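Below is one structure, written out as structure tokens, with a few remarks after it.
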């Protein structure tokens, strides 16, 4: 689900490249650019619709070996636009998905969660066993969905991946993610604003995130059933100021303005040893790699400016009118 999205567009391509047949369920809230280049591919079927639709989900899961759940209303701000829709899509639809997977005899369900479930972080180093402390509605819906998977662990082989903050180029581009935002603002405005606080968070390239999802999908049942994995790499854990320095090096002439009062002071360190040791996950792309590819995309005109609302989850939903766009009948 969500195969036309930011991560999904990478995942679908990796699946097709290795010869899999792929069925995508996506409402195309942000357009079809994530999959438009693949139109007519003989091993790709796109079902345009809502994951809250039981008839659609039954059609989508018949004869399917593995389901990778990416469809969601993603981001704190986007969820606050319509809290009821956020709960329905991010939480309640997970119950429907799990039931549908069990009825269809799906072998494996991989659920994409987020390291945001840790909130401010109760432990100095957050491991999968650490207490979750979600501080936003978005994070709370993810925790609730994780618990749905736990409740059905005896009947369904499901695994949860808690992704670090994602960055990098994608066919369905997002410019509302930290690394992507700073890089594009540096290129088009030659100025970026960052917090003066030393908050640090982990990051993962969008291609690597898709790779991790595939590793979880392919792993043997005893290895992953009922498990949670943090997805990222210690080498990609940076403070905002460190990322600003990386951006400044890639986009010469960038002015970095430090504003101590900027919001969102969450800071946490996450352990990624479990996924590395258990699934053999290795992050290929650094934050510097992501900054370089985004800056290059700006130079060649693949990213033309900051005004395209399709590149922001919040702006797309706000402009279109959330109740109409997210109604189950949409």
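Numbering (the working numbering), first residue to last: 23 to 352. Cβ atoms here follow ideal geometry from the backbone N, Cα and C, with glycine treated the same way. Predicted model only: the values in this text are computed from it and were never measured.
The Cβ-Cβ distance between residue 259 and residue 223 falls below 8 Å. Around residue 156, the same chain offers 139, 141, 162, 165 as residues with beta carbons nearer than 6 Å, after the five sequence neighbours per side are excluded. For residue 324, the closest of 133, 196, 215 by C-alpha to C-alpha distance is 196. Going by beta carbons, residue 305 and residue 226 fall inside the 8 Å limit. DSSP places residue 251 in the strand class (E or B) of the three-state scheme. Every beta strand (DSSP E) stretch that sits fully inside the segment 45 to 111 and reaches 3 residues is listed by chain position as 66 to 70, 88 to 91. For residue 333, no beta strand (DSSP E) encloses it, and the DSSP letter there is neither H nor E.
For the pair of segments examined, the segment 244 to 261 was found to touch the segment 172 to 188: the number of CB pairs separated by less than 8 Å reaches three.
Under the three-state reduction of DSSP, residue 297 is assigned to helix. Two segments are said to touch when three or more pairs of C-beta atoms, one from each, lie closer than 8 Å; by this definition the segment 104 to 112 touches the segment 82 to 95. Between residue 335 and residue 215, the alpha-carbon positions lie close to 21 Å from each other.
DSSP, read as helix, strand or coil, puts residue 203 in helix. Shown here for residue 315: same chain residues with a beta carbon closer than 6 Å to its own, the five before and five after excluded, namely 191 in chain order.
As summarised for the segment 117 to 184, the continuous alpha helix (DSSP H) elements at least 4 residues long and confined to that stretch are 159 to 173, given in chain order.
Residue 279 is classed as exposed because its beta carbon has fewer than 16 other beta carbons within 10 Å across all chains shown. Going by beta carbons, residue 110 and residue 74 fall inside the 8 Å limit.
When the Cα atoms are used, residue 187 and residue 198 turn out to be separated by approximately 11 Å.
Annotation: the continuous beta strand (DSSP E) that includes residue 188 extends over 187 to 189.
With fewer than 16 neighbouring CB atoms inside 10 Å of its own CB, residue 39 falls in the exposed class.
Counting C-beta pairs with one atom in each stretch, the segment 116 to 128 and the segment 49 to 59 have fewer than three that are closer than 8 Å, which means they do not touch.
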